[in-house]
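Residue numbers (the numbering used here): 366 to 617. Backbone N, C-alpha and C fix where the C-beta goes; we use that ideal spot for every residue, glycine too.
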Ligand code: SF4
């Protein structure tokens, strides 16, 4: 059994506080204090950065990909392309259980009238189940993404049994772009078509020049965050920069 999570997280942050993102990723995958680690990836617009880091350090790391069965075909194709190109050997496709889909969204229209319930059904619950066997998961959260993330550390306590690891905590958009270019990584094909943030097809639209990169997600709704992040065992829905964090049972 692993020691107390608060002590482990504090120790990890102390040891690696001044390390660069790639080094944090390497330590996260090798330090015994992190335990069993998975990377959760949407294979979206910027996902290839963390996927590439993992592929260089430990390509057999479990990569959890949530297929909501509402994704763009381009995302499904890109997932296959990136996994093959980077040599990722343990990509696990996570989906909602058939019985749950039949019960709660038999005709696939739940997203039209209750996006929170749809996200819970297709994302939150399956991910939580998939993460249950892990001690830590790697996220792409960054400080620049808003007030609620402005002070995130590389290592965070999520629950008494699990931590989050944020190797890109101190990166900006330009760092991501530079990394992708320098390493000649494939871009999601929808980025070039005006989608700087990519989720499910029914809930994602292109973004106009000058708009917030996430403006195309759940356009016209107050829902703004993909928010697969848990506090005390519950998912946390994070609103945009000017708004406060709101704890919900359901997220996207
Ligand atoms: S983003 Fe839309 S389609 Fe995807 S799970 Fe959430 S509500 Fe459903």
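Flag residue i as yes when its Cβ comes closer than 7 Å to any non-hydrogen atom of ligand 2, and as no otherwise.
i           : result
residue 564 : In terms of ligand content, the structure shown lacks ligand 2 and carries ligand 1 instead.
Quick check on DSSP: helix, strand or coil for residue i?
i           : result
residue 478 : helix
residue 380 : helix
residue 373 : helix
residue 454 : coil
residue 431 : strand
residue 487 : helix
residue 574 : coil
residue 492 : helix
residue 569 : strand
residue 441 : helix
residue 552 : coil
residue 514 : helix
residue 584 : coil
I'd like the list of long-range same chain contacts for residue i, defined as Cβ closer than 6 Å, with 5 residues on each side in sequence excluded.
i           : result
residue 458 : 430, 432
residue 588 : 480
residue 448 : 456
residue 499 : 401, 403
residue 471 : none
residue 414 : 541, 544
residue 518 : 378
residue 424 : 452, 453, 454
residue 596 : Any reading at residue 596 must be qualified, since the residue scores a pLDDT of 46, below 50, and its modelled position is unreliable; the value itself is stated next. Cβ within range, chain order: n/a, list empty.
residue 412 : 406
residue 483 : 475, 476
Within the continuous alpha helix (DSSP H) that includes residue i, where are the two ends?
i           : result
residue 419 : 413-422
residue 407 : Counting along the chain, residue 407 falls outside any alpha helix (DSSP H), and DSSP gives it neither H nor E.
residue 546 : 538-547
residue 501 : Not the alpha helix (DSSP H): residue 501 falls in the beta strand (DSSP E), residues 501-503.
residue 388 : 386-395
8 Å is my cut-off, CB to CB: does residue i come that close to chain C?
i           : result
residue 434 : Among the protein chains of the structure shown there is no chain C, as only one such chain exists.
How should residue i be labelled, buried or exposed, when 16 other C-beta atoms within 10 angstroms of its C-beta is the threshold for buried?
i           : result
residue 427 : buried
residue 581 : buried
residue 579 : buried
residue 394 : buried
residue 366 : exposed
residue 468 : exposed
residue 543 : exposed
residue 621 : What the structure shows of the chain is the stretch from 366 to 617, and residue 621 is not part of that stretch, so it cannot be assessed.
residue 574 : exposed
Which same chain residues, not among the five before or five after residue i, have their C-beta less than 7 Å away from its C-beta?
i           : result
residue 535 : 508
residue 667 : With the chain represented from 366 up to 617, any question about residue 667 goes unanswered, as that position is not in the structure.
residue 571 : 558, 559, 560, 581
Under DSSP, the beta strand (DSSP E) around residue i begins and ends at which residues?
i           : result
residue 619 : What is shown of the chain runs 366 to 617, which leaves residue 619 out entirely.
residue 528 : 527-530
residue 464 : Per DSSP, residue 464 belongs to no beta strand (DSSP E); it is in the alpha helix (DSSP H), 463-469.
Taking 8 Å as the limit between beta carbons, can you name the residues of its chain near residue i, skipping five residues before and five after?
i           : result
residue 465 : 486, 490
residue 388 : 381
residue 566 : 435, 436, 437
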